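Novice: According to mature numbering (1 follows the signal peptide of the UniProt record, and there is no 0), the residues represented by the sequence shown are -26 to -1, 1 to 529, in order. Glycine residues also receive a C-beta, built at the ideal position from the N, C-alpha and C atoms. Predicted model only: the values in this text are computed from it and were never measured.
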Amino acid sequence: MAELSRRKLLGVAGAAAAATALGSTAACSGTAGGGAAGGAYDMPTFQPAPELDVQPHYASETPGMESVYTEYPNSYFKSVERGPGSGGKVTSFQLTWGDPATPLEENTYWQELNERLGVSFEPQFVPQPVFDQKFATMLASGDVPDLVFVNDQSAGNLQGIRDGAFADLSETLSGDNILKWPNLAARKEEIWQASLKDGRIYQVPSTVWALTNLPTMRTDLVDQTSVGRAPKDADELFTMLKEVSALGTGPGGQKVYGLNKYDAHPGTASMFQRLFKTGPEWQRNGDGDLVHITQTENYRAMLEWLARAWAEGIFDPVAMSPTATDIVSGAALRYDSVGGSIGATGLSQWEADLPGAKYDFFDMPGFDGSGQLVVRNVPYGRSTCVSAAAAEDEDRLTEILNVLDYLSAPFGSEEQYFIMNGTEGVHHTVDAHGIPIVNPDNMIDLAVQYVGVTSGDNSYRFHPNAAPWADSFVAVMESMAQNSIARDLEGLEAASQTFVTKGAQLKQLWTDFETGVITGRESIDDLQSFADNYMSQGGTQVRDEYTQALKDAGK
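1) Straight-line CA distance for S3 to D369?
2) What span of residues does the beta strand (DSSP E) with D334 cover, start to end?
3) So, is D16 buried or exposed, given that buried needs 16 or more other C-beta atoms within 10 angstroms?
4) Skipping 5 residues on each side, what residues in its chain have a beta carbon closer than 6 angstroms to that of N272?
5) DSSP three-state call for G287: helix, strand or coil?
6) Quick one: what's got a C-beta closer than 7 angstroms to Y520's C-beta in the same chain, skipping five residues either side?
7) Taking only the alpha-carbon atoms, compute the straight-line gap between L307 and T111 and give it to the nearest angstrom.
8) Shorter than 8 angstroms, the distance from the beta carbon of V474 to the closest heavy atom of the ligand COA, or not?
9) Can you name the start and end residues of the beta strand (DSSP E) that M191 belongs to?
10) Taking the straight line between their C-alpha atoms, what separation do you get for P259 and Q269?
11) Can you say whether A293 is buried or exposed, counting buried as having 16 or more other CB atoms within 10 angstroms of its CB?
12) Within the stretch 389 to 473, note down every full beta strand (DSSP E) run reaching 3 residues or more, in order along the chain.
13) In terms of residues, what are the limits of the alpha helix (DSSP H) holding S503?
14) Which of the three DSSP states is assigned to E205 in this structure?
15) Let me know if L153 comes out buried or exposed under the rule of 16 or more other beta-carbons within 10 Å of its beta-carbon.
16) Using 8 angstroms for Cβ pairs, my map puts L215 next to G202. What's the rounded Cβ distance?
17) So, R90 versus E389, is the Cβ gap smaller than 9 angstroms?
18) Whole angstroms is fine: what's the gap from L347's alpha carbon to F246's?
19) Is the CB-CB distance between H401 and Y83 below 9 angstroms?
20) Using the Cα positions of F385 and L371, report the straight-line distance between them to the nearest angstrom.
21) Within the same chain, show all residues whose beta-carbon is closer than 6 angstroms to that of Y434, passing over the 5 residues directly before and after it, in chain order.
22) Expressed to the nearest angstrom, what Euclidean distance is found between the alpha-carbon atoms of S94 and P156?
23) Please determine, among S180, A168, E164 and K229, the residue with the shortest C-alpha to C-alpha distance to L195.
24) Assign R258 to one of three DSSP states: helix, strand, or coil.
25) On the CB-based measure, 16 or more other CB atoms within 10 Å of its CB, does P18 come out buried or exposed?
26) How big is the Cα-Cα spacing for S144 and I492?
27) So L185 packs on S357, CB below 8 angstroms; how close in whole Å?
28) Look at the Cβ atom of A141, then the Cβ atom of A365, and state whether they are nearer than 9 angstroms.
29) Taking buried to mean at least 16 other C-beta atoms within 10 Å of its own C-beta, is K171 buried or exposed?
30) Taking the straight line between their C-alpha atoms, what separation do you get for F20 and Q502?
31) On the DSSP letters alone, give me the boundaries of the alpha helix (DSSP H) that residue 532 sits inside.
32) Which ranges does the alpha helix (DSSP H) cover as unbroken runs of at least 4 residues, wholly within the stretch 295 to 347, from first to last along the chain?
33) Distance, Cα to Cα, L381 vs I393?
34) Is DSSP giving F95 helix, strand or coil here?
35) Determine the direct distance from the alpha carbon of P205 to that of D405, and round the result to whole angstroms.
36) What would DSSP say about V100, mapped onto helix, strand or coil?
The following block contains the structure:
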């Protein structure tokens, strides 16, 4: 930032770089879409949430690594002191991965949430498989709910910001203004900075782990191989995986393979991108020029290795099925979410579900015997935007942000405890460790609240059932963090209008070719012609717009 004010952002100056890259689109998109229309503002003041009353099991200064807790708080603080709302209606458009919440009239959690918020909270539930489609339909209708879940790594979702559907919150949340909403204030400046669009604040971003997924291994299987648990490079890993496939079956007669699932980045493919150190999707080459990952030698080497693995039986033949229930085999390696593996239903439950199976975290090597290369996530996660139309009324905007502030209460607070767990005796019980255990019969009631954004403490929190794996987790995650990098385009992902309009089609083009090469339907010899076609279909424009954005940002 400029020396005259490290945290100051001027509306006109902040939008200049994006306007250059985006051409007339940003300039013509109206109050919410064009940063130049806004006034001067300060980055929101960071006010950390109160500290937890337990000490971490492990703390690290390594970029990308978070503190690790194996104990839960003994007491919970109150994060919201304001009175209830006006009794009016607040609507939302939010993602669901499963069934929608139980209807209001049958849902005591929803009823209690309304009472606590002091409003009638009316969410619209959108299943994950059709979210982008429904999002586009919602925008086209012009009827934008008050609070909208936005994935700004999706080209279609970005279009909503570009089209002026959402409010510019820059001045509302400027500096100490945000302290009216202490839970929204509980995120650091770099999170706001990375999520800016055209130099302005259009979304309230979640805090997020820089590293959210890691490999896990079946030690009962890999211990039977000549390589063991710690292959030194890609060749030894290949041998280990092939020898597991050769075992045929494991505990309980389960069919086993080296690998039983493959899906494109950011799925399982990310694990092999780390192995072959391919780097981020857009990266600078040795000459400083921006290139696509598919134009690199490391990516070619990765595809060759994966195609050979498929041909030699390392993969379950149904590994690319989009239907999870099709995959019933066991695998030497999996790519799992951190939260899923260290939670109550993580490694300990996986072992309980298949007697004889043993799991641990796996430290991926680099293909050449050196360290792997991990690309850290952008510094923020899911975001929520406010309807531009609703924000025209200042009192209404305040009430909407009050609701979002409550729903975004940080871990360790009374409010977050209720939001995540509901009412004791109905939605959860408390175990011997003081940890709430959600009642699966009533868990669907809680799906009402997912439009909230995560705030405050961002540590890794182990369920006691997973505590025996804490040291192994620390070793693997610390290794990943030490071998991790930030992407060159961090904070500039939206600075390509071509990505906004063509990103989904380009991603599908890439995925189809990649999976085709791995399964033998396409030839690795066609990689160069594919890359040329990819660039001609819009990749060149994306590259040029990002190159200009990097230049304007002084990177």
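Specialist: Straight from the coordinates:
1) Position 29 of the sequence shown holds residue 3. Position 395 of the sequence shown holds residue 369. Residue placement at S3 cannot be trusted, given a pLDDT of 31 that sits under 50; what the coordinates show is reported in the next sentence. If you take the alpha carbons of S3 and D369, they lie about 25 angstroms apart.
2) As a working mapping, residue 334 is identified with position 360 in the sequence shown. Membership of D334 in the beta strand (DSSP E) is indicated by the continuous run Y333 to F335.
3) For the purposes of this step, residue 16 is taken as residue 42 along the sequence shown, with counting starting at 1. D16 should be labelled buried.
4) As a first step, residue 272 is located in the sequence shown; it is residue number 298 there, counting from the start. For N272, where only same-chain residues beyond five positions count, the Cβ hits under 6 angstroms are F250, K251 and T252.
5) Within the sequence shown, the letter at position 313 stands for residue 287. Three-state DSSP puts G287 in coil, outside helix and strand.
6) The residue you call residue 520 lines up with position 546 of the sequence shown. Within the same chain, Cβ atoms closer than 7 angstroms to the Cβ of Y520 are found at W256, L264, L463, L466, A469 and S470, the five residues on either side in sequence being excluded.
7) Walking along the sequence shown from the start, residue 307 turns up at place 333. Walking along the sequence shown from the start, residue 111 turns up at place 137. Rounded to the nearest angstrom, the gap between the Cα atoms of L307 and T111 is 39 angstroms.
8) Only the bare structure without any ligand can be found here, which leaves the ligand COA out of the picture.
9) For the purposes of this step, residue 191 is identified with residue 217 of the sequence shown, where counting begins at 1. M191 -> beta strand (DSSP E) spans N187 to R192.
10) Stepping through the sequence shown from its first residue, residue 259 is reached at position 285. Stepping through the sequence shown from its first residue, residue 269 is reached at position 295. Just to set this straight, residue 259 is Asn in the shown sequence, not Pro. Roughly 10 angstroms between the two C-alpha positions.
11) As a working mapping, residue 293 is identified with position 319 in the sequence shown. Around the beta carbon of A293, 16 or more other beta carbons sit within 10 angstroms, so the residue counts as buried.
12) Given a length threshold of 3 residues, each whole run of the beta strand (DSSP E) inside the stretch 389 to 473 is given here in chain order: 402 to 404 and 410 to 412.
13) Counting from one through the sequence shown, the residue named residue 503 turns up at place 529. For S503, the enclosing alpha helix (DSSP H) stretches over residues L501 to Y508.
14) In the sequence shown, residue 205 corresponds to position 231, counting from 1. According to the sequence shown, residue 205 is Pro rather than Glu. Under the three-state reduction of DSSP output, P205 falls in the coil class, being neither helix nor strand.
15) For the purposes of this step, residue 153 is taken as the residue at position 179 of the sequence shown. With fewer than 16 other CB atoms across the displayed protein chains lying within 10 angstroms of its CB, L153 is exposed.
16) Translated into the one-based positions of the sequence shown, residue 215 becomes position 241. Translated into the one-based positions of the sequence shown, residue 202 becomes position 228. Contact flag wrong, Cβ pair sits at about 13 angstroms.
17) On the sequence shown, residue 90 is found 116 positions in, with the first residue counted as 1. On the sequence shown, residue 389 is found 415 positions in, with the first residue counted as 1. Contact annotation: R90 and E389 have beta-carbon atoms nearer than 9 angstroms.
18) One-based indexing of the sequence shown puts residue 347 at position 373. One-based indexing of the sequence shown puts residue 246 at position 272. Between L347 and F246, the C-alpha separation is close to 10 angstroms.
19) Your numbering for residue 401 matches position 427 in the sequence shown. Your numbering for residue 83 matches position 109 in the sequence shown. Note that the C-beta distance between H401 and Y83 is below 9 angstroms.
20) Reading the sequence shown from its first residue, position 411 is the one you call residue 385. Reading the sequence shown from its first residue, position 397 is the one you call residue 371. Using only the alpha carbons, I get a separation of about 25 angstroms.
21) Here residue 434 refers to the residue found at position 460 of the sequence shown. Excluding residues within five positions, the ones whose Cβ falls inside 6 angstroms are E40 and V42.
22) Start at 1 with the first residue of the sequence shown, and residue 94 comes out as number 120. Start at 1 with the first residue of the sequence shown, and residue 156 comes out as number 182. Straight-line Cα distance between these residues: approximately 22 angstroms.
23) Taking the first residue of the sequence shown as position 1, residue 195 is located at position 221. Of S180, A168, E164 and K229, the residue nearest in Cα terms is K229.
24) Here residue 258 corresponds to residue number 284 of the sequence shown, with the count starting at 1. Three-state DSSP puts R258 in a strand.
25) Numbered from 1 along the sequence shown, position 44 holds the residue referred to as residue 18. Buried: at least 16 other Cβ atoms inside 10 Å.
26) Numbered from 1 along the sequence shown, position 170 holds the residue referred to as residue 144. Numbered from 1 along the sequence shown, position 518 holds the residue referred to as residue 492. For S144 and I492, the distance between alpha carbons rounds to 46 angstroms.
27) As a working mapping, residue 185 is identified with position 211 in the sequence shown. As a working mapping, residue 357 is identified with position 383 in the sequence shown. About 19 angstroms separates the two Cβ atoms, so there is no contact after all.
28) Counted from its first residue, the sequence shown places residue 141 at position 167. Counted from its first residue, the sequence shown places residue 365 at position 391. Between A141 and A365, the C-beta gap is smaller than 9 angstroms, which places the two residues in contact.
29) For the purposes of this step, residue 171 is taken as residue 197 along the sequence shown, with counting starting at 1. Its Cβ being crowded by 16 or more others within 10 Å, K171 is buried.
30) For this step, residue 20 is matched to residue 46 along the sequence shown. For this step, residue 502 is matched to residue 528 along the sequence shown. Annotation: F20 to Q502 spans about 47 angstroms, alpha carbon to alpha carbon.
31) Only positions -26 to 529 of the chain appear in the structure, and residue 532 is not among them; the question remains open.
32) Along the length of the stretch 295 to 347, whole alpha helix (DSSP H) runs at least 4 residues long occupy 312 to 316 and 321 to 327, reported in chain order.
33) The residue you call residue 381 lines up with position 407 of the sequence shown. The residue you call residue 393 lines up with position 419 of the sequence shown. Spanning the two alpha carbons is a distance of roughly 7 angstroms.
34) Residue 95 sits at position 121 when you count from the first residue of the sequence shown. Strand.
35) In the sequence shown, the residue the question calls residue 405 occupies position 431. In the sequence shown, the residue the question calls residue 205 occupies position 231. Between the alpha carbons of D405 and P205 lies a distance of about 39 angstroms.
36) Walking along the sequence shown from the start, residue 100 turns up at place 126. Strand at V100.
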